[in-house]
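Heads up: the sequence shown is residues 5 to 268, going by the working numbering.
So the structure is just underneath, and the comments pick up after that.
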Amino acid sequence: MEGFLFLLSVVFLFSSSAAACDRCLHRSKAAYFSSASALSSGACAYGSMATGFFAGHIAAALPSIYKDGSGCGACFQVRCTNPTLCSSKGTTVMVTDLNKSNQTDLILSSRAFRAMAKPVVGSDRDLLKQGLVDIEYRRVPCDYGNKKMNVRVEESSINPNYLAIKLLYQGGQTEVVAIDIAQVGSSHWSYMTRSHGAVWVTDKVPTGALQFRFVVTAGYDGKMVWSQRVLPANWEAGKTYDAGVQITDIAQEGCDPCDDHIWN
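Spelled out as structure tokens, the structure:
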């Protein structure tokens, strides 16, 4: 019950204080990382896995998008606005790092940066030469097809004394703002805390197989998603487990300016 009340308080706090608009159209500038290794050491703590998400179309985002780690895994459609070099569709990127620059909202992987170019031979190289470009971007749902959300047990975990996890392949236009954990079949829940980036931890690990409850938000709406059986009793550090659920919620709040049409 204590964990449940904690989760409800988190939902109320988040919904009453949310300031960012998930469906708004934003205008800024974007640069790119010349080295993929920079993205593999990102603040979200995805490590070397980062470059495998969305075929390497990933980005570092400014603090208002990163949101102390809750923005990790968020997806954005981004396009540059130079009609000579850039396509009107742009590309979709996933947030894997924190951007501390005050010149840009997003720093893209070079692969994502090139993908904003027109499908004309040489346009991607010409775009790279620009280094810094004007962009439009908006948050969009992350779409992993039929893939369920995964829970990865971090190498720092020690069964049964300490558990560190991060969520992979979270769908929808959502953020996880709280996680509860309990033994399968038990009603005694305890909450995990965000350690850094996408990593959640607890040193009060229930025995046996484990279930999770995730509080997710989409715009100003929040709800609880119950994953009834995730980790076996003999869970192991370094392994990834199917959560058995996927989140597909879309942000419902209003926006100004708003751009809901499909970018082609």
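Even for Gly, the Cβ is constructed at its ideal location relative to N, Cα and C.
First and last residue of the uninterrupted beta strand (DSSP E) at residue i
i    : result
Q232 : 225 to 235
S114 : Premise fails: S114 lies in the alpha helix (DSSP H), 114 to 119, not in any beta strand (DSSP E).
V125 : From DSSP, V125 is part of no beta strand (DSSP E); its letter is neither H nor E.
H200 : 194 to 200
V205 : 203 to 206
DSSP-derived helix/strand/coil call for residue i
i    : result
L89  : coil
G212 : coil
S68  : helix
L136 : coil
G51  : helix
D26  : coil
A241 : coil
A63  : strand
G176 : strand
A255 : coil
A186 : strand
S45  : coil
S161 : coil
S20  : Residue confidence for S20 is low, a pLDDT of 35 falling below 50, so the modelled location carries little weight; the figure read from the coordinates is stated next. Note: S20 maps to helix in three-state DSSP.
D264 : coil
V249 : coil
Enclosing alpha helix (DSSP H) for residue i [first to last residue]
i    : result
H170 : In the sequence on display, residue 170 carries Lys and not His. Where K170 is concerned, there is no enclosing alpha helix (DSSP H), although the beta strand (DSSP E) it sits in stretches over 167 to 172.
Proximity of residue i and residue j at Cβ, strictly below 8 Å
i    : j    : result
I62  : V97  : yes
D207 : N163 : no
V234 : G248 : yes
V157 : K243 : yes
K227 : T108 : no
S194 : F216 : no
Beta-carbon separation (whole angstroms), residue i vs residue j, contact threshold 8 Å
i    : j    : result
N268 : K93  : 6 Å
Y141 : F80  : 5 Å
M120 : V144 : Incorrect: roughly 15 Å between the Cβ atoms, too far for contact.
G189 : D147 : Between D147 and G189 the Cβ distance is about 33 Å, and since that is not below 8 Å, they are no contact.
A47  : D101 : 5 Å
A168 : V205 : 4 Å
Bridge partners - residue i, DSSP secondary structure assignment
i    : result
C81  : In the sequence under discussion, the amino acid at residue 81 is Gln, which differs from the Cys named in the question. DSSP, once it has assigned bridges, lists T96, R142 as partnering Q81.
A35  : I111
D101 : A64
V181 : Its beta-bridge partners do not exist; DSSP assigns none.
F218 : I183, V229
R156 : K170, T244
Cβ of residue i within 8 Å of any chain D Cβ
i   : result
Y50 : This model lacks chain D altogether, as it is built from one protein chain only.
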